[in-house]
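Numbering-wise (this note's numbering), the sequence shown opens with residue 9 and increments by one. The beta carbon of each residue, even a glycine, is placed where N, CA and C say it ideally should be.
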Amino acid sequence: MNEENNWLQEVSSFPPTHPEEKHQQRKNPKKICSPNAMRVRIAGLVVLAILIFLGLYLISETVDKAAESARDAYASAKDRAAEDAYNKFYDTAFASAERKYHVSNNIAIEVASVREEANLEVLRVSDVEYVIVPKEDNKDGIETWVEFYGDGVYTVDMRASEFIIDSDRQYVLVRVPKPELTNCKITQTKQQFWKDEGFNESNADGTELAMKTRNEGYTKLNNYMKSNAQFYKSAKSSAQTVISDLIKGLNSELTDLIVEVEFMD
9 MNEENNWLQE
19 VSSFPPTHPE
29 EKHQQRKNPK
39 KICSPNAMRV
49 RIAGLVVLAI
59 LIFLGLYLIS
69 ETVDKAAESA
79 RDAYASAKDR
89 AAEDAYNKFY
99 DTAFASAERK
109 YHVSNNIAIE
119 VASVREEANL
129 EVLRVSDVEY
139 VIVPKEDNKD
149 GIETWVEFYG
159 DGVYTVDMRA
169 SEFIIDSDRQ
179 YVLVRVPKPE
189 LTNCKITQTK
199 QQFWKDEGFN
209 ESNADGTELA
219 MKTRNEGYTK
229 LNNYMKSNAQ
239 FYKSAKSSAQ
249 TVISDLIKGL
259 NSELTDLIVE
269 VEFMD
């Protein structure tokens, strides 16, 4: 009985609950989350953060690729524009040059008579050679001095030549063999003879001996004219001038005619 009274006293000692407080407690009861629910929420936040990061990364990559594509497109367009401008300028300049320099009328360039020259003379040369026969070299004891004068002619065989003709542009290219010495002859001789220590230019024995030296004199003249580098150089230069003048002379009405001459190997 005493214990029951004590319990009633303890209960009665609690402050009374206001009716409005009781109503508020019933309306907003406190919610307590379990540990599993908390972990789910944290995992969801982590996944959301990862998705946001990936989205931002993909957007950045897309922007970079778009910028690179734009740069490539600009460079390509710039190159095409430059090439188009160059081609347009080149075509315009070429057309202008054609109108200015291209001869449209048909022109016949005459070269037939030049082709027929078998030995076109391009240079004439001369030389003097000496042949001395000591008296010890002949039984008559006569010392002979013979002076040989000779001429030579360098020629070009035009029948073996090639002609490249551009009538529209009034141009001729002639490819010819190199000049050759084709004619050499003795034009004059002077003789001096000594016999028995005396001079006698009319000595019959000496005259006979001099005739025997003629072949030697001719050989000396011919060899010198063929091997002389200056003669050969002059013959090539003269050939270019002579051939060019011949063709221009045959086509005197073509005042702008260009003739070039080159030598075959």
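Between the beta-carbon of residue i and the beta-carbon of residue j, is there less than 7 angstroms?
i: residue 139; j: residue 224; result: yes
i: residue 219; j: residue 189; result: no
i: residue 229; j: residue 192; result: yes
i: residue 155; j: residue 143; result: no
i: residue 126; j: residue 167; result: yes
i: residue 259; j: residue 91; result: no
i: residue 195; j: residue 165; result: no
I need the boundaries of the alpha helix (DSSP H) containing residue i, first residue and last residue.
i: residue 158; result: Not the alpha helix (DSSP H): residue 158 falls in the beta strand (DSSP E), residues 150 to 164.
i: residue 251; result: 237 to 258
i: residue 122; result: 120 to 123
Where do the ends of the beta strand (DSSP E) carrying residue i lie?
i: residue 132; result: 128 to 141
i: residue 183; result: 179 to 184
i: residue 172; result: 170 to 174
i: residue 269; result: 266 to 271
Of the choices the options, whose alpha-carbon is the least far from that of residue i?
i: residue 163; options: 185, 53, 156 and 91; result: 185
i: residue 226; options: 137, 131, 263 and 150; result: 137
i: residue 197; options: 166, 157, 52 and 250; result: 157
i: residue 264; options: 129, 242, 180 and 200; result: 180
i: residue 241; options: 177, 187 and 176; result: 187
i: residue 221; options: 88, 173, 153 and 129; result: 153
i: residue 176; options: 54, 273, 262 and 88; result: 262
i: residue 199; options: 60, 178 and 141; result: 141
i: residue 231; options: 49, 59, 249 and 135; result: 135
i: residue 272; options: 60, 170 and 87; result: 170
Check the C-beta distance from residue i over to residue j and give it rounded, since I have them as a contact under 8 angstroms.
i: residue 307; j: residue 269; result: The first residue shown for the chain is 9 and the last is 273, placing residue 307 beyond what the model contains.
i: residue 161; j: residue 251; result: Contact doesn't hold; Cβ gap of about 16 angstroms is too wide.
Task: Given 8 angstroms, three or more beta-carbon pairs between the segment 116 to 132 and the segment 243 to 262 - done: yes
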